[in-house]
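**Student:** For the sequence shown, position 21 (counting from the first letter as 1) is numbered 118 according to my numbering, and the numbering increases by one without interruption.
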Amino acid sequence: MPSFTKTLSTLTLATLALLRGAAAFDGDLTYYTPGLGSCGRTNTETDKIVAVAPAQYVADPDLCGKSITIHLGGKTATATVVDKCMGCSDDSIDVAPAVFEELADLSVGRAKVTWFVD
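(1) Identify, in the order they occur along the chain, each residue of the same chain with its Cβ nearer than 7 Å to the Cβ of residue 108, setting aside the five sequence neighbours on each side.
(2) By how many angstroms is the C-alpha of residue 144 removed from the C-alpha of residue 167?
(3) Tell me which residues share the same chain as residue 194 and place their Cβ nearer than 7 Å to its Cβ, disregarding the 5 neighbours each side in the sequence.
(4) Mind checking which residues open and close the alpha helix (DSSP H) that includes residue 200?
(5) What are the boundary residues of the beta strand (DSSP E) that residue 128 is part of?
(6) Can you name, in chain order, every residue of its own chain whose Cβ lies under 8 Å from the Cβ of residue 189, other than the five neighbours on each side?
(7) Please state the DSSP three-state secondary structure of residue 150.
(8) Would DSSP call residue 160 helix, strand or coil?
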């Protein structure tokens, strides 16, 4: 059963996303070793970047270069969309290790997050 604080935090993030006119997504967070992304930029593990599922590009073809906010258990990180995550489900994201480490230890490997496009 989720804690009251975690539930309240998730609701607050969803409310913030709605106020900004953005949809909040709930999905898995994983990390990868970046390189040349589908947006045409080469990135490294220390960059604050994210790859999103192809379905997100269908919903917003101009997603490249946009910032997203990611929330996990009271922690928040931001990242710039630079790539597609071909193995991600529709609402899941893949981030550079630098972003993942702002939210959880790399040893976790996968975590449930809420995120939205800024």
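Yeah, the Cβ is synthetic: ideal placement off N, Cα and C, and Gly gets one too.
**Tutor:** In brief:
(1) With a pLDDT of 47 at residue 108, under the threshold of 50, the predicted position of this residue should be treated as unreliable, though the coordinate-derived value follows. Correct list: empty, nothing qualifies.
(2) 15 Å
(3) 128, 142 and 203
(4) 194 to 200
(5) 121 to 128
(6) 124, 125, 126, 127, 150 and 182
(7) coil
(8) coil
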